[in-house]
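Residue numbers (my numbering): 41 to 292. Glycine is no exception: its CB is placed at the ideal position from the N, C-alpha and C atoms.
#1: By how many angstroms is the C-alpha of residue 183 removed from the C-alpha of residue 210?
#2: How big is the Cα-Cα spacing for residue 247 and residue 188?
#3: Alpha carbon to alpha carbon, what distance is there between residue 228 and residue 186?
#4: Quick one: what does DSSP say residue 197 is sitting in, helix, strand or coil?
#5: Can you tell me whether residue 214 is buried or exposed, with buried defined as 16 or more other CB within 10 angstroms of its CB?
#6: Any chance the region 137 to 144 sits against the region 216 to 235, with 3 or more Cβ pairs inside 8 Å?
#7: Could you tell me which of 128, 163, 84, 73 sits nearest to residue 44, measuring between CA atoms?
#8: For residue 245, which option in 256, 201, 93 has the closest C-alpha, if you only look at C-alpha atoms?
#9: Could you pull the start and end residues of the beta strand (DSSP E) that residue 225 belongs to?
#10: Residue 278 and residue 145: beta carbons closer than 9 Å?
#11: What first and last residue would you give for the alpha helix (DSSP H) that runs through residue 49?
#12: So the candidates are 81, 169, 192; which of them puts its Cα closest to the Cα of residue 219?
#13: Under the three-state reduction of DSSP, which class applies to residue 158: helix, strand or coil?
#14: Using DSSP's beta-bridge definition, name the partner residues of residue 188.
#15: For residue 36, which of 235, 262, 191 has the nearest alpha-carbon?
#16: Which stretch, first to last residue, makes up the alpha helix (DSSP H) that contains residue 238?
#17: Could you spell out where the beta strand (DSSP E) holding residue 179 opens and where it closes?
#18: With DSSP collapsed to three states, give me the class of residue 278.
#19: Determine the extent of the alpha helix (DSSP H) in which residue 85 is found, giving its start and end residues.
#20: Going along the chain, which residues of its own chain have a beta-carbon closer than 7 Å to the beta-carbon of residue 76, five neighbours each way excluded?
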């Protein structure tokens, strides 16, 4: 298992470094989305590939009976017992981390479902607008887009924000997020998994922002608009949200 983890880490690190150094500056956002998802599948699969080579070994009979020193054997046995405790401790820590991240994932998913069920919804084609009392950043989970109810009813949400969130819904970015969240439960300790999750979210925002700009939005005006909707507002980790988009716009 530990050898598999080392191979997985090396493969994922190489693929992410190639993305960061070569692909990220390019404007191939759709390709980059599928590259990042494929990087995980490749990194998970490559360590499972094994090459077997059979070697014939001829054993010669050994008539010499080895002498066993009882005291030396006891010392070695005690050392081996102490060493054998280490894997158990490490597995226990891994299991605890998996349990905690699974609890966090379940709580976030339950909160999203509760908000969908317990709040008014307005349908726009295949997309549902969920109106919440809380001061939130607009965010998307599958075909559900969450807005602050007062801002929505007062028509204070610009059309560009609707376009942005609808892009997340139509391109099914939530599938990517769920896939990465499930991987993060298993590999909660792995820095490359957290890094890849950030890169995937950032690329989602490239895609959504590109869609808005292609529809005629002025970049500077759009940036100020995103800033206004991201300040003093929160969004769940399972959803695509405006604050991440603002970070992208500031960086570029």
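Reading it off the structure:
#1: Reading the chain shown from its first residue, position 170 is the one you call residue 210. Reading the chain shown from its first residue, position 143 is the one you call residue 183. Their backbone Cα atoms lie some 8 Å apart in a straight line.
#2: Locating residue 247 in the chain shown gives position 207, where the first residue counts as 1. Locating residue 188 in the chain shown gives position 148, where the first residue counts as 1. Answer to the nearest angstrom: the Cα atoms are 24 Å apart.
#3: Taking the first residue of the chain shown as position 1, residue 186 is located at position 146. Taking the first residue of the chain shown as position 1, residue 228 is located at position 188. Spanning the two alpha carbons is a distance of roughly 28 Å.
#4: Within the chain shown, the letter at position 157 stands for residue 197. Three-state result, residue 197: coil.
#5: Your numbering for residue 214 matches position 174 in the chain shown. So residue 214 ends up on the buried side.
#6: yes
#7: Mapped onto the chain shown, residue 44 falls at position 4. For the residues 128, 163, 84, 73, the minimum Cα distance to residue 44 belongs to 84.
#8: By 1-based counting over the chain shown, the position of residue 245 is 205. The option with the nearest alpha carbon to residue 245 is 201.
#9: The residue labelled residue 225 in the question sits at position 185 within the chain shown. Segment 213 to 226 is the alpha helix (DSSP H) holding residue 225; no beta strand (DSSP E) there.
#10: Here residue 278 refers to the residue found at position 238 when the chain shown is read from its first residue. Here residue 145 refers to the residue found at position 105 when the chain shown is read from its first residue. Yes, the Cβ-Cβ distance between residue 278 and residue 145 is below 9 Å.
#11: In the chain shown, the residue the question calls residue 49 occupies position 9. That run of the alpha helix (DSSP H) goes 42 to 58.
#12: Locating residue 219 in the chain shown gives position 179, where the first residue counts as 1. When only C-alpha atoms are compared, the closest one is 81.
#13: In the chain shown, the residue the question calls residue 158 occupies position 118. Here residue 158 sits in helix by DSSP.
#14: Taking the first residue of the chain shown as 1, we reach residue 188 at position 148. Partner(s): 172.
#15: Because residue 36 is not part of the residues shown, which for the chain are 41 to 292, the question remains open.
#16: Locating residue 238 in the chain shown gives position 198, counting from the first residue. Run containing residue 238: 231 to 254, per the alpha helix (DSSP H) assignment.
#17: The sequence position of residue 179 within the chain shown is 139, counting from 1. Residue 179 -> beta strand (DSSP E) spans 179 to 181.
#18: Locating residue 278 in the chain shown gives position 238, counting from the first residue. It is coil, neither helix nor strand.
#19: By 1-based counting over the chain shown, the position of residue 85 is 45. Note, residue 85: alpha helix (DSSP H), 69 to 85.
#20: For this step, residue 76 is matched to residue 36 along the chain shown. The answer, listed in chain order, is 59, 236, 239, 240, 243.
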